[in-house]
Amino acid sequence: MSPRSPRVSLLLASALVLTLSNVLPVTTAIKDTFVPPHMDFEYPDALCGTAWRDDYIRLHSAIRAASAAAYIPPPSPPPPPSSLASPSSPSLPSPNPPSPLPAAAAAAAAAAAAISDSTLPNASLPDSSIRFLTFDQHGHCGGFGDFLVGVVSSFVVALLDRRAFVIRHDCLQYAFQPAFIDWAESPDVPMEPSRRTANLNESFPSGVIPFLDLNGNRVNLQVLEKFKGFRHVKVLWNRGMLTEMLTKGTGGWADALRATGLRPPYAFGCILRFLVRPRRELWPLMAHLLQETHEVQTVVVGVHVRLSDSFVRDPNATESSATAASMAAALAQGAPMLACAKAVEDMWYPPPLTVRWMLITNSIDFKMAIRSHFPGKILETNFVPHHSEAYGNKDEEQAREKATQGFREMVAEWLLLASSNSFVLTISGFSRTAAMYSLRPMAIYTPPHYCDPEQPYRQTEFGIAYSGI
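In this note's numbering, each number is its position in the sequence shown, counted from 1, plus 269.
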């Protein structure tokens, strides 16, 4: 390889500075499990901003408090006949419960004040201050990357339309907990009656919650203008518009989003870190790999190889299922990813750095094949790869435990990928969201089209392409 030019040397220095700038202090919340600094996915104030964050925390908390205070639980069922007083027992007057109205009025006033005092645009709204937007993916776990894109897109709507935000999902709680706001379901936020539709021109009677199922569609925020009068709107979509709005958007919604100070390369990762924090139960799943990446001069290239769905085996399959033919086919399909990873390593991480490849793949065959070709280079989990659709809402206890563990394993691999210093990715929602969550711009390559080591995929373009981020 020819000597590096001054420009390339400058790029190398810049890359190392960016890498070091993304090393965050180890959290004190986890003391019993090894967690290296780059796995501590905290919210970086300087990079992500505090004004919009603190404003929304105040708004969301006030609305939820007002909603909880105004909530009147349904009457309890009558006690069973065996517990009723005998006819000879004196009847005692039942005490009147305190009226919830004073507390509700005070909480509603606080919510209204939070809205009117907001520093963000579109702050004063004429309708009720208790307003919600729910991302509702109840009933299945979907594709994990699509789910995260839908969550962030939905939150953007809630942020700009001054609504409290709720997430309804069957698997999220297995691996994540709320970070800055409580987005969990609660009885005071009704989910029914709702009408699910993809028709944006449909009319909804009073008392019916609009449920906009827009999966597969790129949605401009303007389409939600007509739902401002509804106190609660549910949405389901898997397309993103955050990066595109920040870079190309025009009009009130885009201007309001830019006024938050969120920047295109970081906005997705900032919002996701604002919403969720990985549960501590995930760390033991990754401990053996994290130990190997913690050496001072070790850097990690994350390599995500998603082969066709035919390579995803049954969850009960083992490594013994792989055959010579199946491994050869998988290796041939993933070869461009490995060539790109080697080129990135040669350009950006010269000796004395030690470079490891964090391999995440949906193919047992590929895992088996690559080990003999790159001994001592590959970091990998021992999880059996399969799609997150396998982790739906499970009724039986045994099935639910298996789903919990499976979902956690998948998220653990996603976090391992996100912790890498550079990324060589098959385009998929899983890899794209991990790279954006990492908050490491200028480190993304997507072969075969984008693998010039000197010209990484610009993260703003990466966020607009395909289904959007």
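Where is the CB? At the ideal position from N, CA and C, for every residue including glycine.
DSSP links Arg625 through a beta bridge to Val569.
Of all C-beta pairs linking the region 543 to 556 to the region 597 to 608, fewer than three are shorter than 8 Å, placing the two stretches out of contact. If you check the CB distance, Phe413 and Ala433 do not come in under 8 Å.
Within 10 angstroms of the beta-carbon of Pro717 lie fewer than 16 other beta-carbons, which makes it exposed. Secondary structure note for Asp482: its beta strand (DSSP E) is the uninterrupted segment 478 to 482. Burial check for Ala594: the Cβ neighbour count within 10 Å stays below 16, so the residue is exposed. It is roughly 39 Å from the alpha-carbon of Pro644 to the alpha-carbon of Gly509. Lys497 is not a Cβ neighbour of Phe480, given a cutoff of 8 Å. With a beta-carbon spacing of about 6 Å, Phe445 and Arg548 fall inside the 8 Å limit used to define contacts. Relative to Arg625, the option among Val613, Phe652, Ala536 whose CA is nearest is Val613. Taking C-beta atoms as the reference points, Leu526 and Arg431 fail to come closer than 8 Å. Taken in chain order, the complete alpha helix (DSSP H) segments of 4 or more residues contained in the region 480 to 542 are 511 to 517, 521 to 528. Counting only runs of 4+ residues, the alpha helix (DSSP H) found wholly inside the region 410 to 485 occupies 413 to 429, 441 to 444, in chain order. The straight-line gap separating the alpha-carbon atoms of Glu561 and Thr623 is approximately 11 Å. In this structure, Tyr706 places its C-beta atom within 8 Å of the C-beta atom of Ala687.
In this structure, the alpha-carbon of Leu511 lies about 10 Å from that of Val426.
Here Val653 is not bridged, per DSSP, to any residue.
Inter-residue distance for Asn486 and Asn507 is about 8 Å (C-alpha atoms, whole angstroms).
Here Asp323 carries a helix assignment [DSSP, helix/strand/coil].
Of all alpha-carbon atoms in Phe543, Ser422, Tyr618, the one lying nearest the alpha-carbon of Ala523 is that of Ser422. Annotated as distal: Ile629 and Leu558, with beta-carbon spacing of 8 Å or more. Close CB contacts of Leu541 within its chain, under the 7 Å cut and outside five residues either way in sequence, are with Leu417, Val421, Tyr706 (chain order). Within a 10 Å sphere around the beta-carbon of Gln566 sit fewer than 16 other beta-carbons, which makes this residue exposed. Membership of Phe692 in any alpha helix (DSSP H) is not indicated; the residue belongs instead to the beta strand (DSSP E) covering 691 to 694. Residue burial annotation: His407 is exposed, with fewer than 16 other C-beta atoms found within 10 angstroms of its C-beta. Listed in chain order, the beta strand (DSSP E) runs fully inside the region 671 to 710 are 691 to 694, counting runs of at least 3 residues. Secondary structure note for Asp405: its beta strand (DSSP E) is the uninterrupted segment 401 to 406. The beta-bridge partner set that DSSP reports for Pro547 consists of Phe445.
By the beta-carbon neighbour count (other beta carbons within 10 angstroms, threshold 16), Asn631 is buried. Judged by DSSP secondary structure, Glu564 falls outside any alpha helix (DSSP H); it is assigned neither H nor E. DSSP places Ile713 within a strand segment (E or B) once states are collapsed to three. Per DSSP, the unbroken alpha helix (DSSP H) holding Leu600 starts and ends at 593 to 617. Excluding the 5 residues flanking it on each side, Ile478 has same chain C-beta neighbours closer than 8 Å at Pro459, Met460, Glu461, Pro462, Ser463, Arg464, Phe499, His501, Val502, Lys503, in chain order. Secondary structure at Ile647: strand, using DSSP grouped into helix, strand and coil. With contacts defined by Cβ atoms closer than 8 Å, Trp683 and Ala712 do not form a contacting pair.
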